[in-house]
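K.L.:
When we follow this note's numbering, the leftmost residue of the sequence shown carries the number 5, and every step to the right adds one. Where a beta carbon is used, it is the ideal one built from N, C-alpha and C, also for glycine. Fair warning: this is a prediction, and the values are worked out from it, not measured in the lab.
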Amino acid sequence: MKKILFVIYNFNTGGVPSSLESLYSVIKDKYDVDLFPIGWGGLHSFSFCEHLINSSLLLKMFASHGKDVRGLNKFLIGLFRPFKILLESLGFDLKSWVYRREVRLIELKTHYDCVISFQDRISAEFCCFFSKFPTIAWIHCDYPVLMGKKEDEKLFKNERKIICVSAFTANSFKDYYPNLASKVDYIYNVSDYQGIAEKAKCEIKDGHYKTDKFTIISLGRVSPEKRFDKIPSVAKKIKDMGFPFNWYIIGPGKGNYSQEVTDAIERECVMDCVHWIGGKANPYPYIKQANLFVSLSSTEACPMVFNEARIFGLPVVSTDFGSSYEFVDDGCDGMIRPIEKIHEAISALIGNKDTYNKFRQNSKCHLIDNEKIVKQFDVLLNSLS
Numbered sequence: 005m006k007k008i009l010f011v012i013y014n015f016n017t018g019g020v021p022s023s024l025e026s027l028y029s030v031i032k033d034k035y036d037v038d039l040f041p042i043g044w045g046g047l048h049s050f051s052f053c054e055h056l057i058n059s060s061l062l063l064k065m066f067a068s069h070g071k072d073v074r075g076l077n078k079f080l081i082g083l084f085r086p087f088k089i090l091l092e093s094l095g096f097d098l099k100s101w102v103y104r105r106e107v108r109l110i111e112l113k114t115h116y117d118c119v120i121s122f123q124d125r126i127s128a129e130f131c132c133f134f135s136k137f138p139t140i141a142w143i144h145c146d147y148p149v150l151m152g153k154k155e156d157e158k159l160f161k162n163e164r165k166i167i168c169v170s171a172f173t174a175n176s177f178k179d180y181y182p183n184l185a186s187k188v189d190y191i192y193n194v195s196d197y198q199g200i201a202e203k204a205k206c207e208i209k210d211g212h213y214k215t216d217k218f219t220i221i222s223l224g225r226v227s228p229e230k231r232f233d234k235i236p237s238v239a240k241k242i243k244d245m246g247f248p249f250n251w252y253i254i255g256p257g258k259g260n261y262s263q264e265v266t267d268a269i270e271r272e273c274v275m276d277c278v279h280w281i282g283g284k285a286n287p288y289p290y291i292k293q294a295n296l297f298v299s300l301s302s303t304e305a306c307p308m309v310f311n312e313a314r315i316f317g318l319p320v321v322s323t324d325f326g327s328s329y330e331f332v333d334d335g336c337d338g339m340i341r342p343i344e345k346i347h348e349a350i351s352a353l354i355g356n357k358d359t360y361n362k363f364r365q366n367s368k369c370h371l372i373d374n375e376k377i378v379k380q381f382d383v384l385l386n387s388l389s
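(1) My guess is that P287 and S299 are in contact by the Cβ rule of under 8 Å, so how many angstroms apart are they, rounded?
(2) I'd like to know whether the C-beta atoms of I221 and L318 end up nearer to each other than 9 Å.
(3) Using DSSP with H/G/I as helix, E/B as strand and the rest coil, what is I372?
(4) What is the rounded straight-line gap between the Cα of I465 and the Cα of S100?
(5) From what residue to what residue does the alpha helix (DSSP H) around I291 run?
(6) Taking the continuous beta strand (DSSP E) assigned at T323, which residues delimit it?
(7) Could you check how far apart the C-beta atoms of I166 and F160 are, in whole angstroms? I think they sit under 8 Å.
(8) Expressed to the nearest angstrom, what Euclidean distance is found between the alpha-carbon atoms of H48 and F15?
(9) Please confirm if the stretch 211-230 is in contact with the stretch 56-63, defined as three or more CB-CB distances below 8 Å between the two stretches.
(10) Within the chosen definition, does the stretch 112-125 reach the stretch 144-161 through at least 3 CB pairs nearer than 8 Å?
(11) Is the beta carbon of V30 less than 9 Å from the beta carbon of N374?
(12) Here's a check: name, in chain order, each residue in its chain whose Cβ is nearer than 8 Å to the Cβ of E157, leaving out the five neighbours to either side.
(13) Can a CB atom of chain B be found closer than 9 Å to the CB of P86?
(14) At which residues does the alpha helix (DSSP H) containing W142 begin and terminate?
(15) According to DSSP, is K6 part of a helix, a strand, or is it coil?
(16) Kindly list the residues whose CB is nearer than 7 Å to the CB of M339, restricted to its own chain and excluding five residues on each side of it in sequence; keep chain order.
(17) Output needed for S195: all residues of its chain with C-beta closer than 8 Å, excluding positions within five of it in sequence on either side, in chain order.
(18) Please confirm if the stretch 191-206 is in contact with the stretch 266-275, defined as three or more CB-CB distances below 8 Å between the two stretches.
(19) For the 8 Å Cβ check, are there 3 or more pairs between the stretch 274-291 and the stretch 322-333?
(20) Since E165 sits in a beta bridge, which residues does DSSP pair it with?
(21) Should V383 be labelled buried (16 or more other beta-carbon atoms within 10 Å of its own) or exposed?
(22) How would you call L223, buried or exposed, if buried means at least 16 neighbouring beta carbons within 10 angstroms?
(23) Exposed or buried, what is D97 when buried is set at 16 or more other beta-carbons lying within 10 Å of its beta-carbon?
(24) How would you label C206, buried or exposed, when you count the other beta carbons within 10 angstroms and need 16 or more for buried?
(25) Would a C-beta distance cut-off of 9 Å place I281 and I235 closer than the cut-off?
(26) What's the C-alpha gap between V378 and D36?
(27) Using the C-alpha atoms, what's the distance from V169 back to V119?
(28) What first and last residue would you give for the beta strand (DSSP E) that runs through D189?
(29) To the nearest angstrom, how far is the alpha carbon of N175 from that of S301?
(30) For C131, does the three-state DSSP call read helix, strand or coil?
(31) Where do the ends of the beta strand (DSSP E) carrying I254 lie?
(32) Taking the alpha-carbon of K357 as reference, which of F218, G43 and K376 has the nearest alpha-carbon?
(33) Per DSSP, what are the beta-bridge partners of C118 in this structure?
(34) Excluding five sequence neighbours on each side, which residues of the same chain lie with their C-beta closer than 6 Å to the C-beta of A201?
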């Protein structure tokens, strides 16, 4: 049985930890998997926590952000910060020293057949110091758009493979780093169908979530690329057409952009039909009871929430970002439109039961094939031998 080490930044809620948990659910019987989080943050509430490899206190203090932690850990980060600033001001490459030291400790302790950097640049910066084990970089975003720098090419030059999570993002990565193109491929994220179905059985105790009207849901971290601040103006157009609905935004958020979302809801006077109800550790009961999933994102790498919505028979209406056409069959199980015409697509489904029911019936016929993904993963690992 091959032994694999996955490296992520931390356990904060988001697409990377959940996609890793889903992948683990379908490979755990075939591979011996360990998980190495670089820094503090998030809850160890994952099914593979028994395989957790703890990083050193030094690495945690260096790599963690104060916003991700509380209590003693936050105090330790604050205590370490002046020394970090001093050493770096003297020209000492502290990051390389700390990362190289930690990698050597791992290499001395355990043999791995493969190390997978599973969180874009932040884990690639760490994994580039491995020399004894072959490494794979897993890219979960449209890298050139969200974090691409030409000098990042050096982070990936020694990777045996670079895996993106959609054909669109793989092509985008190849175009931006042509010297790395021969290493790049794509594998879709896994959906844990059984786990999601079980989680969806939980009772919703949030009194703010009501499904007495046509219920729309948008899900994700409240950040600019999700364009949640555009929801109120779209909702206003639908409301003015006379359609009754509730539109729920589910996702954590804080700071200036979150305030923009709140301000937009008030400015458009849609407080009665647009509701931001915050982040939910288990969003699946909410998705299950909704009628439609809507995404206004400007970019997504592999919008697995589309697939999760289809598990419960929800049609998907999405803006026309690059990878949307891989995950929505336009006119069959959903609609893809430019953001200026999203209100037309939504109102068409609210107002036309025949079209809505056709999309709903088709939605479960286009679920991602986990068995195919496992076979691709097997081929990937075997290619390193």
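P.N.:
Per the coordinate set shown:
(1) By one-based count along the sequence shown, residue 287 stands at place 283. By one-based count along the sequence shown, residue 299 stands at place 295. That pair is no contact at about 14 Å.
(2) Indexing the sequence shown from 1 puts residue 221 at position 217. Indexing the sequence shown from 1 puts residue 318 at position 314. Yes, the Cβ-Cβ distance between I221 and L318 is below 9 Å.
(3) Residue mapping note: residue 372 aligns to position 368 of the sequence shown, counting from 1. In the structure shown, I372 sits in coil (DSSP, three-state: anything other than H, G, I, E or B).
(4) Any answer about residue 465 is impossible in this case: the structure gives the chain only from 5 up to 389.
(5) Start at 1 with the first residue of the sequence shown, and residue 291 comes out as number 287. Counting along the chain, the alpha helix (DSSP H) containing I291 begins and ends at Y288 to K292.
(6) Counting from one through the sequence shown, the residue named residue 323 turns up at place 319. Note, T323: beta strand (DSSP E), V320 to T323.
(7) Walking along the sequence shown from the start, residue 166 turns up at place 162. Walking along the sequence shown from the start, residue 160 turns up at place 156. Yes, I166 and F160 are in contact; Cβ-Cβ is about 6 Å, under 8 Å.
(8) Within the sequence shown, residue 48 is the residue found at index 44, counting from 1. Within the sequence shown, residue 15 is the residue found at index 11, counting from 1. Since pLDDT at H48 reaches only 46, below the 50 mark, its modelled position is unreliable, and no value is offered.
(9) no
(10) yes
(11) Reading the sequence shown from its first residue, position 26 is the one you call residue 30. Reading the sequence shown from its first residue, position 370 is the one you call residue 374. The answer is yes: Cβ separation under 9 Å.
(12) In the sequence shown, residue 157 corresponds to position 153, counting from 1. If we look at E157 and ignore the five residues flanking it on each side, its Cβ neighbours are Y181, N183 and L184.
(13) Checking the listed chains, one finds no chain B in this structure; it contains a single protein chain.
(14) Here residue 142 corresponds to residue number 138 of the sequence shown, with the count starting at 1. First-last for W142: T139 to I143, but that is the beta strand (DSSP E), not the alpha helix (DSSP H).
(15) One-based indexing of the sequence shown puts residue 6 at position 2. Coil at K6, not helix or strand.
(16) Here the question's residue 339 lines up with position 335 in the sequence shown. Counting only Cβ-Cβ distances below 7 Å, and skipping sequence neighbours, we find V321 and A349.
(17) The residue labelled residue 195 in the question sits at position 191 within the sequence shown. S26, M308, N311, E312, I315, L371, I372 and N374, listed in sequence order.
(18) no
(19) no
(20) Here residue 165 corresponds to residue number 161 of the sequence shown, with the count starting at 1. Sequence check: residue 165 is Lys here, not Glu. Partner(s): I140.
(21) On the sequence shown, residue 383 is found 379 positions in, with the first residue counted as 1. The residue in question, V383, is exposed, as its Cβ has fewer than 16 Cβ neighbours within 10 Å.
(22) Position 219 of the sequence shown holds residue 223. Per the 10 Å Cβ criterion, buried.
(23) Locating residue 97 in the sequence shown gives position 93, counting from the first residue. With fewer than 16 other Cβ atoms within 10 Å, it is exposed.
(24) As a first step, residue 206 must be located in the sequence shown, where it is residue number 202. So C206 counts as exposed.
(25) By 1-based counting over the sequence shown, the position of residue 281 is 277. By 1-based counting over the sequence shown, the position of residue 235 is 231. Not in contact: I281 and I235 (Cβ atoms no closer than 9 Å).
(26) For the purposes of this step, residue 378 is taken as the residue at position 374 of the sequence shown. For the purposes of this step, residue 36 is taken as the residue at position 32 of the sequence shown. Looking at the two C-alpha atoms, the distance is approximately 15 Å.
(27) Your numbering for residue 119 matches position 115 in the sequence shown. Your numbering for residue 169 matches position 165 in the sequence shown. Approximately 18 Å between the Cα atoms of the pair.
(28) Numbered from 1 along the sequence shown, position 185 holds the residue referred to as residue 189. V188 to Y190 is the extent of the beta strand (DSSP E) around D189.
(29) For this step, residue 175 is matched to residue 171 along the sequence shown. For this step, residue 301 is matched to residue 297 along the sequence shown. Whole-angstrom Cα-Cα distance: 19 Å.
(30) Counting from 1 along the sequence shown, the entry for residue 131 is found at position 127. Three-state result, C131: helix.
(31) Against the sequence shown, residue 254 aligns to sequence position 250. F249 to I254 is the span of the beta strand (DSSP E), which, as asked, contains I254.
(32) Along the sequence shown, one-based indexing puts residue 357 at 353. Nearest option by C-alpha distance: F218.
(33) Taking the sequence shown and counting its residues from 1, the one referred to as residue 118 is at position 114. The partner list for C118 (beta bridge, DSSP) reads I8.
(34) For this step, residue 201 is matched to residue 197 along the sequence shown. Contacts found: none.
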